[in-house]
Amino acid sequence: MKSDDDFREEIEFHVDMRTELNRQAGAASEEARESARRQFGNATLIQEEMRRMHANTFFESLLQDLRYAARGFVRQPLFTLTAVFAAALGIGSTSAVFSVVDRILFRSLPYAHDGRLVSLGMIAPLDTNEFLFADAYFDWRKHQTPFTAITSFTAGVADCDLTQTNPLRLGCAQVEGNFLSTFGISPVLGRDFTAQEDVPNGPRVALMNYGLWQGRFARDPNIPGKTVLIDGQPVTIIGVLPANFEMPTLAHADLLFPEALDEARERAGRALRVFARLKPDVTLAQAQAAMQPLFESSLQYVPPQFRKEVQLRMRSLRDRQVQDARTASWVLLSAVGAVLLIACANIANLLLARATSRRKELAVRAALGAGRGRLIRQTLTETLLLGGLGGLAGCMLAWALLRMFIGLAPEGIPRLDQAALDPRVLLFTLAGSIASGLLFGIAPALQNPQAESLTGSRTAGTRRMLLREWLCAAQIAISLVLLVSAGMLLRSLWKIQSVPMGLETEHVITAEFVLSRLGYSEDARQHQFINELEMRLARIPGVGSLAISDSLPPSGGTRGRLLASMQVEGQPPFDKGTGGLIMWRYVTPGYFSALGIPMVRGRAFTEEDRAPGASSMILSQTFAQRLFPNGNAIGQRIKTNEWATVVGVAADVRNLGPMQPPEPEYYILRRHVPDEISRIQEPPTGWRQAKVAIRTSVNPKVMADWIKREFAALDPALPVTIGSMQRRVGRLVDRPRFNALLLTLFAGMGVLLAAVGLYGVMAFLVTQRTAEIGVRMALGATPGAITKLVLSRAAGWTLAGVVVGLAGSIFAARAIQSMLFGVEARDPGTYLVVLPLLLLIAFAASWIPTLRAVRVDPMTALRHE
Amino acid sequence: MVELQGTLVLLILKTLARGPNHGFGIALHIQAASEGLLRVEEGSLYPALHRLERDKLVSAEWKVTGNKRRARYYKLTSAGRKWLAKAEDSWDSMSKGVGRVLRFA
Chain D
9 MKSDDDFREE
19 IEFHVDMRTE
29 LNRQAGAASE
39 EARESARRQF
49 GNATLIQEEM
59 RRMHANTFFE
69 SLLQDLRYAA
79 RGFVRQPLFT
89 LTAVFAAALG
99 IGSTSAVFSV
109 VDRILFRSLP
119 YAHDGRLVSL
129 GMIAPLDTNE
139 FLFADAYFDW
149 RKHQTPFTAI
159 TSFTAGVADC
169 DLTQTNPLRL
179 GCAQVEGNFL
189 STFGISPVLG
199 RDFTAQEDVP
209 NGPRVALMNY
219 GLWQGRFARD
229 PNIPGKTVLI
239 DGQPVTIIGV
249 LPANFEMPTL
259 AHADLLFPEA
269 LDEARERAGR
279 ALRVFARLKP
289 DVTLAQAQAA
299 MQPLFESSLQ
309 YVPPQFRKEV
319 QLRMRSLRDR
329 QVQDARTASW
339 VLLSAVGAVL
349 LIACANIANL
359 LLARATSRRK
369 ELAVRAALGA
379 GRGRLIRQTL
389 TETLLLGGLG
399 GLAGCMLAWA
409 LLRMFIGLAP
419 EGIPRLDQAA
429 LDPRVLLFTL
439 AGSIASGLLF
449 GIAPALQNPQ
459 AESLTGSRTA
469 GTRRMLLREW
479 LCAAQIAISL
489 VLLVSAGMLL
499 RSLWKIQSVP
509 MGLETEHVIT
519 AEFVLSRLGY
529 SEDARQHQFI
539 NELEMRLARI
549 PGVGSLAISD
559 SLPPSGGTRG
569 RLLASMQVEG
579 QPPFDKGTGG
589 LIMWRYVTPG
599 YFSALGIPMV
609 RGRAFTEEDR
619 APGASSMILS
629 QTFAQRLFPN
639 GNAIGQRIKT
649 NEWATVVGVA
659 ADVRNLGPMQ
669 PPEPEYYILR
679 RHVPDEISRI
689 QEPPTGWRQA
699 KVAIRTSVNP
709 KVMADWIKRE
719 FAALDPALPV
729 TIGSMQRRVG
739 RLVDRPRFNA
749 LLLTLFAGMG
759 VLLAAVGLYG
769 VMAFLVTQRT
779 AEIGVRMALG
789 ATPGAITKLV
799 LSRAAGWTLA
809 GVVVGLAGSI
819 FAARAIQSML
829 FGVEARDPGT
839 YLVVLPLLLL
849 IAFAASWIPT
859 LRAVRVDPMT
869 ALRHE
Chain S
52 MVELQGTLVL
62 LILKTLARGP
72 NHGFGIALHI
82 QAASEGLLRV
92 EEGSLYPALH
102 RLERDKLVSA
112 EWKVTGNKRR
122 ARYYKLTSAG
132 RKWLAKAEDS
142 WDSMSKGVGR
152 VLRFA
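Residue numbers (the numbering used here), protein chains in the order written: chain D, 9 to 873; chain S, 52 to 156.
As structure tokens, this is what we get:
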């Protein structure tokens, strides 16, 4: 950019030279300069033109606009800070939430053409996800028409051990030979399985996860062909999976083995997870219809009593992965979108206020020849600069918020570990900044600077005032919607937390482990280990009561038995229907005292019950009620795996969380020696998996060390996970708490912004009407009348906002219905709290400017006029 | 001035084709070469020069003159040279055309 000094120097040089020439021609000194000046022409105008020659390029005038805008912002730091703060709040929270939900809702999955992949199978009360038994799968695989490929893997990723120097616990999955090709994945090193490898008793080969290859094998490029020891067996690694590989269920798997389904022998075999790729022109609904006949015919493999409760389910892979996080994701995204809208309305309001005070300046510029387009561009540049600054600050806020989300987030939010402010999210932030810059800039930009503004008249602002009031009303309306939604989630959280879970979770430490396949496949070995463990743990000082069970509440890995397969002595067998699955646990006598589950009737297990020949069981209250409505459960004999006598009825435990009614359940006593039950080793882990619960008043950290020491003494290579019962149960409420917390945070931001906006408009209104108020006071208006005058205006638009907001809230509440528990969409309690709160905040925001109005000194006000 | 703009540009570039010069020098040369026929305000030369500079037909730099004063020297760029050649052609053909019209009138 050329400076004005350069232009001036160039002109001076010219005039000096001409003067010199004139003097040489004989003119007097004064005369020579005067004539040179005349010959040159209007220097000021020419200098102006020279500047225009250079400033005319788009980029340079943009720089000029930017510099001008920046100067303006620096001159009004309060305005700038407020606007940037509002923009940062809106853009930052939107970016942070987007970075989380993008993975859930939008970003493509790491498979080729991921939109064509579906998950299918039967859905039954047993499992929340669809599965298929191998025998049915063989029929489906053979006769299916809507897919180009169909593949499966054995449900559940089993623990397995790398048994070399430095043993390592791994996750091993068994996948069908066409698994990788169906998902469009190719190994980064080595090769995929061949058809010859995916057969019963085939060669022991495996594909390795990138992480394991990198972490344990230092990216050895020669790994394909090498042999590793898994559970003591040699396995040949044939390839390495890409770094972004993930199982379609998002389970963690370090090694993939061939599934080796045996069509001849697999009848009534294992449960599979089935995935398929749709043919190019087939929709999900068409595919579902096409599979329906196959599903119906494969119902023959389902136990008859069970059939009514089994259905076909087919859904996109994304839906399978996202599960129920979809609604919550949309709700959160909408909530931050609303905050962003409020922020935009807020900044638009600030800009409008600023535009009013700059009316004169703009009018002067227009009068001096600035085109309308030029002025609009200048205003838009300012707002975009504001948006950019807000975006920058927003990025920092987003980073902090994302840290917070990850810290607070419950388990089971898909892909949260991957959420980051990566280029895609930053691009979104940039787009958000520009879009919001345009959104809040458009109204002030279109204000036409009018020459009349130069006259100093104060009447021109009315139309603009109306727009500003509407913007305020909109902010109040959106805040109300946010507040109501947050209020409902909070109320339902409160209701959830007040539901008794049926156990006492304080002071209970848990330890979970899975014995390795290599050393503990025999049930005798398992019993030996558990017996020794029980003895050792019971000896630890401070252990109040101790339980070892195959599973612990809530939910998770519980065994189930069809009611129809049970028998009650002296009662006819169950005939019609299944009665569904009844959960049961394999527990040591201390189970009920360790978990604090009270006995409703009868007694808990005792050590005598474990004696050979004795056989006792305990029913949950719901189950006892169901089997023996007359309340005579004690002493009845029931056959499950073997006949047992009911010795007690235990209080219900809400295994599926506070939002679900208690499920029927029964308890079988774990003995010291192998018995009928321990011989049934259900895959994948059999009875190798066990959980310990210890009630103790000793410091949990100290106790955890002692427990670990006992485990290490028994089997130094066994990984043990220590936890607390409180944490286990608390996890059930994590999701609702997280949702409620975030929504409350965003509602708070929204209300704060709206309050600031309301205050700003009111303050401006009072300033603008100072003279009028002065006149009124001079004419005898009381402070009360002035208060009424000012507040009535605020009340008007607040009321308009509340009415619109109430209508919006009803829609919003309906949208979040599935996230609510024990709260109706029209819950009067929420509205009764939220409405007065919002009104109070609105009142407070307008009260301060009103006070200022009342204190107007009529004399001062009139003197200004 | 406006109708003379094309001509003025042509004259400036033609002058600079003889070698780099400052604004005053260019003005002197144009007056001398056109034998005083061209009566323009000398100042109007400068916006034209700066536009040529912006359009990259000439380049400029500050240099010290013989009498120890800083002056802004303009120089024809290769783009300017090309433009000049083309413009001279069309000027020739146009002035011939004008001459013919005048003769027949």
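Beta carbons: idealized from backbone N, C-alpha and C, even for Gly.
Step through the CB atoms of chain D and report whether any lies within less than 8 Å of the CB of residue i.
| i | result |
| --- | --- |
| S:G74 | yes |
If you measure from the beta carbon of residue i to each beta carbon in chain S, is any gap under 8 Å?
| i | result |
| --- | --- |
| D:Q32 | no |
| D:Q780 | Checking the sequence shown, residue 780 of chain D turns out to be Glu, not Gln. Not one chain S Cβ lies under 8 Å of D:E780. |
| D:E42 | no |
| D:E17 | yes |
| D:L870 | no |
Taking C-beta pairs closer than 7 Å, name the residues in chain D that residue i reaches, listed in chain order.
| i | result |
| --- | --- |
| S:A122 | F21 |
| S:R105 | M61 and H62 |
Give me the chain S residues within the contact set of residue i, using Cβ-Cβ distance strictly less than 8 Å, ordered along the chain.
| i | result |
| --- | --- |
| D:R26 | F75 and E93 |
| D:G49 | E92, E93, G94 and S95 |
| D:I54 | G94, S95, Y97 and P98 |
| D:M58 | Y97, P98 and H101 |
Comparing C-alpha positions only, which one of the options sits nearest to residue i?
| i | options | result |
| --- | --- | --- |
| D:A771 | D:L178, D:E477 and D:I442 | D:E477 |
| D:N252 | D:Y76, D:M216 and D:F719 | D:M216 |
| D:R362 | D:T88, D:W502, D:A802 and D:D206 | D:T88 |
| D:R323 | D:Y594, D:V551, D:V769 and D:P256 | D:P256 |
| D:V903 | D:R177, D:G813, D:T778 and D:Q222 | Any answer about residue 903 of chain D is impossible in this case: the structure gives chain D only from 9 up to 873. |
| D:R593 | D:L360, D:E615 and D:P561 | D:P561 |
| D:A823 | D:A815, D:A833 and D:L814 | D:A833 |
| D:M757 | D:R544, D:M543, D:F631 and D:V489 | D:V489 |
| D:E577 | D:I642, D:L545 and D:Y599 | D:I642 |
| D:R863 | D:A789, D:V842, D:A853 and D:L846 | D:A789 |
| D:L511 | D:T806, D:M733, D:L447 and D:V344 | D:M733 |
| D:E184 | D:N539, D:A336 and D:A214 | D:A214 |
| S:I63 | S:G150, S:A138 and S:M145 | S:A138 |
For this session: Give the residues from the segment 90–101 of chain S that approach chain D closer than 8 Å (Cβ to any Cβ), ordered along the chain.
Result: Per Cβ criterion, the list reads E92, E93, G94, S95, Y97, P98 and H101.
Problem set entry | Inter-stretch contact (C-beta, 8 Å, three-pair minimum) for the segment 608–619 of chain D and the segment 571–579 of chain D | With contact defined as three or more Cβ pairs closer than 8 Å, the segment 608–619 of chain D and the segment 571–579 of chain D are not in contact.
Exercise. Should the segment 348–368 of chain D be regarded as contacting the segment 402–411 of chain D, the criterion being three or more beta carbon pairs within less than 8 Å?
Worked result: Proximity of the segment 348–368 of chain D to the segment 402–411 of chain D falls short of the contact definition, fewer than three beta-carbon pairs being nearer than 8 Å.
For this session: Answer yes if the segment 137–150 of chain D comes into contact with the segment 287–306 of chain D, meaning at least three C-beta pairs across the two stretches below 8 Å, and no otherwise.
Result: Between the segment 287–306 of chain D and the segment 137–150 of chain D there are three or more inter-stretch CB-CB distances shorter than 8 Å, so the stretches are counted as touching.
Exercise. Counting Cβ pairs closer than 8 Å, one from the segment 310–317 of chain D and one from the segment 52–64 of chain D, do we hit at least three?
Worked result: Cβ pair count under 8 Å is below three, so no.
Exercise. How do the segment 260–273 of chain D and the segment 109–126 of chain D stand: do at least 3 beta-carbon pairs fall below 8 Å, yes or no?
Worked result: No, because fewer than three Cβ pairs between the segment 260–273 of chain D and the segment 109–126 of chain D fall closer than 8 Å, the two stretches do not touch.
For this session: Report yes or no: do three or more beta-carbon pairs, one from the segment 654–663 of chain D and one from the segment 685–705 of chain D, lie closer than 8 Å?
Result: No, the segment 654–663 of chain D does not touch the segment 685–705 of chain D.
Exercise. Given 8 Å as the limit, is there contact between the segment 279–299 of chain D and the segment 157–167 of chain D, that is, 3 or more CB pairs closer than that?
Worked result: Verdict: yes, contact present.
Exercise. Between the segment 723–731 of chain D and the segment 511–528 of chain D, do at least 3 Cβ pairs fall closer than 8 Å?
Worked result: Pairwise C-beta distances place the segment 723–731 of chain D in contact with the segment 511–528 of chain D, as three or more of them are shorter than 8 Å.
Exercise. How about the segment 833–843 of chain D and the segment 671–687 of chain D: do they share at least three Cβ pairs that are nearer than 8 Å?
Worked result: Under the 8 Å Cβ criterion, the segment 833–843 of chain D does not count as touching the segment 671–687 of chain D, having fewer than three qualifying pairs.
Exercise. Are the segment 127–143 of chain D and the segment 430–437 of chain D touching, with three or more C-beta to C-beta distances below 8 Å?
Worked result: Here the segment 127–143 of chain D does not lie against the segment 430–437 of chain D, with fewer than 3 beta-carbon pairs under 8 Å apart.
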